[in-house]
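Convert by adding 857 to the 1-based position in the sequence shown; the result is the number in my numbering.
A virtual CB, placed ideally from N, CA and C, is assigned to each residue, including glycine.
Quick caveat, the model's predicted, so the values are computed rather than measured.
Okay, so here's the structure we're looking at.
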Amino acid sequence: MKMKGFGVALGALGMIAGAAQAAEMGAVDKPIKLAINEWTGQHVSTHVAGEMLKAAGYQVEYVTAGYMNMYQAMADGELHGAMEIWSSNVSDDYAKKVEGGGVAELGDLGLDAKEGIAYPAHVGEMCPGLPAWEALKDCAQVFASAETIPMGRLVDYPADWGTPGADRMTGLDLPIKAIPAGSEGALIAELRASTERKTPLLITFWQPHWAMSAYDVQFVDLPVGEDACFNDPAWGPNPNAVNDCDFAPSRIFKAGWSGMADTWPAAHEILTNYQLDVADQQPMMGAIDVDGGSVEEVVAKWMADNEGKWRPVVDAATN
């Protein structure tokens, strides 16, 4: 697989500075703690934001946090920011903490995203009728494994990310059992093995992600996701269940401790105005997961090569 150089093919589009006024720095002696979740893209998004804060003169700590349960720590002021929250896969606890006043949104990150049920391109020959979802009714056994037979197997997100794949298999009444992957790395290992061995695979996946192009991954066409699908069983092809549709269109946004604006006014402004483009994030993900670079090294190189994309955001908040 020819992937060398993937990590340096940086896109031309990047962060956009909103209208901002210079703000007070606040508690520069107190570190700003940014949440690190369980996937590479989030590591990139968070480290770019953290390096921007450092360039402004702040101390930053990166704190490993569970994606679905980090909001209590944020409301308590133990965590101060989360840079990549997906609206299609966010816990109910998040809304409760926003409503309670402990957590506040910091605006969209700017990534153009999609989640869905996917498969490597060669699988289309094994399951005639794909990408139409109805094809899975007739060829579910193609995806069967020892742990699921006679049902097919869907490799779902890690358990900490929720059960969106399982929800759709149930909602669409498909004879396919969702098995959670152990990690993002396990999802990639499944894609790599399927592509190299030309074996069947059905997987819950997302973009932006370098693997979408590296392994020629395609999405199953599901009924368009809309609010009624998730609330009204009568909506959609299965009159007896909700979730009989695709993921809702994903909004990717940032959030933070509600005390941030008072504690670090300029940092709050930087994180609110910070945006990252897919054309920048996705190659950095490839440089880490394919080329073997560290998050710190890859982000440092991007920051050095693309100062014109992020420096105006920092300057607008601090000068």
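### Message
Considering only their Cβ atoms, is the gap separating methionine 925 from alanine 1123 smaller than 8 Å?
### Response
As a first step, residue 1123 is located in the sequence shown; it is residue number 266 there, counting from the start. As a first step, residue 925 is located in the sequence shown; it is residue number 68 there, counting from the start. The Cβ atoms of alanine 1123 and methionine 925 lie no closer than 8 Å to each other.
### Query
Rounded C-beta distance between glycine 1087 and valine 1099? I'm assuming under 8 Å.
Position 230 of the sequence shown, counted from the start, is the residue given in the question as residue 1087. Position 242 of the sequence shown, counted from the start, is the residue given in the question as residue 1099. According to the sequence displayed, residue 1087 carries phenylalanine and not glycine. The Cβ separation is near 5 Å, so the contact holds.
#### Entry: Residue interval of the beta strand (DSSP E) (run including tyrosine 976)
One-based indexing of the sequence shown puts residue 976 at position 119. From DSSP, the beta strand (DSSP E) with tyrosine 976 extends over 971–977.
### Query
Closest to aspartate 1162 by CA distance: which of Val905, Asn894, Leu891 is it?
Here the question's residue 1162 lines up with position 305 in the sequence shown. If we check each option's Cα against that of aspartate 1162, Val905 comes out closest.
### Query
Does the pairing of the region 891–905 with the region 1070–1079 give three or more beta-carbon distances under 8 Å?
The region 891–905, when compared against the region 1070–1079, does not touch it at the 8 Å Cβ threshold.
### Query
Does DSSP put valine 1155 in a helix, a strand or coil?
By one-based count along the sequence shown, residue 1155 stands at place 298. Helix at valine 1155.
#### Entry: Residues bridged to aspartate 886 (per DSSP)
The residue given as residue 886 occupies position 29 in the sequence shown. By DSSP's assignment, aspartate 886 forms no beta bridge with any residue.
### Query
Mind checking whether phenylalanine 1104 and glycine 973 have CB atoms under 8 Å apart?
Along the sequence shown, read from residue 1 onward, the residue named residue 1104 stands at position 247. Along the sequence shown, read from residue 1 onward, the residue named residue 973 stands at position 116. Their beta carbons are under 8 Å apart, which means phenylalanine 1104 touches glycine 973 by this criterion.
#### Entry: Closest residue to lysine 887 among Glu918, Thr903, Pro1057, Ala1112 (Cα-Cα distance)
Taking the first residue of the sequence shown as position 1, residue 887 is located at position 30. The shortest C-alpha separation from lysine 887 is found at Glu918.
### Task
Thinking alanine 1038 and aspartate 1017 are a contact (beta carbons under 8 Å), I'd like their distance in whole angstroms, please.
One-based indexing of the sequence shown puts residue 1038 at position 181. One-based indexing of the sequence shown puts residue 1017 at position 160. Contact flag wrong, Cβ pair sits at about 10 Å.
### Query
Which one or two residues does DSSP pair with tryptophan 943 in a beta bridge?
To locate residue 943, count along the sequence shown from 1; it is residue 86. The bridge partners DSSP lists for tryptophan 943 are Ile1109.
### 8 Å contact criterion, which valine 1155 and alanine 1144 should meet: CB distance rounded
As a first step, residue 1155 must be located in the sequence shown, where it is residue number 298. As a first step, residue 1144 must be located in the sequence shown, where it is residue number 287. Right, the Cβ-Cβ distance comes to about 5 Å (below 8 Å), so this counts as a contact.
### Query
So glutamine 1138 is in the alpha helix (DSSP H); what residue range does that whole segment cover?
For the purposes of this step, residue 1138 is taken as residue 281 along the sequence shown, with counting starting at 1. Glutamine 1138 -> alpha helix (DSSP H) spans 1135–1146.
### Expected contact under 8 Å - CB spacing of leucine 891 and glycine 907 to nearest Å
Counting from 1 along the sequence shown, the entry for residue 891 is found at position 34. Counting from 1 along the sequence shown, the entry for residue 907 is found at position 50. About 5 Å; that satisfies the 8 Å criterion.
### Query
Quick one, are the C-beta atoms of asparagine 946 and glycine 1019 less than 8 Å apart?
Position 89 of the sequence shown, counted from the start, is the residue given in the question as residue 946. Position 162 of the sequence shown, counted from the start, is the residue given in the question as residue 1019. Result yes, Cβ atoms of asparagine 946 and glycine 1019 sit closer than 8 Å.
### Message
Using the three-state DSSP reduction, which class does aspartate 950 fall into: helix, strand or coil?
### Response
Along the sequence shown, one-based indexing puts residue 950 at 93. Of the three classes helix, strand and coil, the one that applies to aspartate 950 here is helix, per DSSP.
### Task
Spell out the partners DSSP gives aspartate 1013 in its beta bridges.
Position 156 of the sequence shown, counted from the start, is the residue given in the question as residue 1013. Looking at the DSSP assignment, aspartate 1013 forms a beta bridge with Pro1037.
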